[in-house]
Amino acid sequence: MFEPLLNHIDKFINLTDNERQLVVNYLKYREIGKKSYLLSEGDKCNAQYFVVEGCIRMFFIKENGIEQIVQFGIDNWWLADYTSFTLHTPSQFYIQAVQKSKVIILSQDNQDELLDKVPKLEKYFKRIYQRAYAALQTRQIFQSDLSGEEKYHHFASRFREFIQRIPQYMLASYLGFTPEFLSRVRAKEH
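At position 184 of the sequence shown the residue is numbered 169 (our numbering), and the sequence of numbers has no breaks.
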């Protein structure tokens, strides 16, 4: 059940068999149903979630009551509210399963202990955080510089698997427009 994460780690660093077992000892595995929450607004994010299978979303609710999705996680992606996780503050986000999902949970306390015991994991997490930050920067450019149609086509060309796996209204929320606008954009393709 932890093999997908161990394989992901192997892409960045090499662990001995003993180190692999040590990593497993600090992890928890959980299957969650569609619409189940891993985190709610106001709670502290005390863990990071590695998606083994399924799809998870992170969102907040705007003042007008509309959900704004800021991130999706699918197979082999990490997801957490890193502001809450790092600064120990209440989260402004919800983390919820879009579909039945399997996740590996690494609590902050366990991560701290694990990094003390297997220091080379610092390199792995450094790469993960760098990639997350790079994705955030790319998204900021993408959100500010592209038209609605361009946003959709850019996203669809880079993340085809999301188009198949998430409801249209969630994709519209992530891209920053209404489901009706997304329907019009998609209708032009056919």
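Note that the Cβ used here is the ideal one computed from N, Cα and C, for glycine as well.
message: Going by DSSP in three states, K108 sits in which element: helix, strand or coil?
response: K108: helix per DSSP, three-state reduction.
- prompt: Looking only at C-alpha atoms, which of E146, P104, L64 sits nearest to T1?
  reply: P104
- request: Could you name the residues of the same chain whose beta carbon sits closer than 8 Å to that of L100, not counting the 5 residues immediately before and after it, in chain order?
  value: L106, E107, F110
query: Taking C-beta to C-beta, are R116 and Q81 nearer than 8 Å?
result: The answer is no: Cβ separation not under 8 Å.
query: If we call anything under 8 Å between Cβ atoms a contact, is C30 one with I59?
result: No, these two residues do not count as a Cβ contact at 8 Å.
message: I need the DSSP call for L24, collapsed to helix, strand or coil.
response: strand
task: Quick one: residues in its chain with C-beta nearer than 6 Å to the C-beta of I113, no 5 flanking neighbours on either side, listed in chain order?
output: W63
- prompt: In terms of alpha-carbon separation, which member of P75, F78, E38 lies closest to E146?
  reply: E38
- prompt: Using 8 Å as the Cβ pair cut-off and three pairs as the minimum, do the segment 0 to 19 and the segment 72 to 79 touch?
  reply: Fewer than three Cβ pairs drawn from the segment 0 to 19 and the segment 72 to 79 lie within less than 8 Å of each other, which leaves the two stretches out of contact.
field: Where Y22 falls, given that 16 or more other Cβ within 10 Å makes a residue buried
entry: Residue environment: Y22 is assigned as exposed (fewer than 16 neighbouring CB atoms within 10 Å of its CB, all protein chains considered).
task: Please check the pair M155 and I54, which I expect to be a contact at CB under 8 Å, by giving their CB distance rounded to whole angstroms.
output: Taking the Cβ atoms as the reference, M155 lies roughly 6 Å from I54, within the contact range of under 8 Å.
field: Residue(s) in a DSSP beta bridge with K87
entry: Paired residues: E16, E38.
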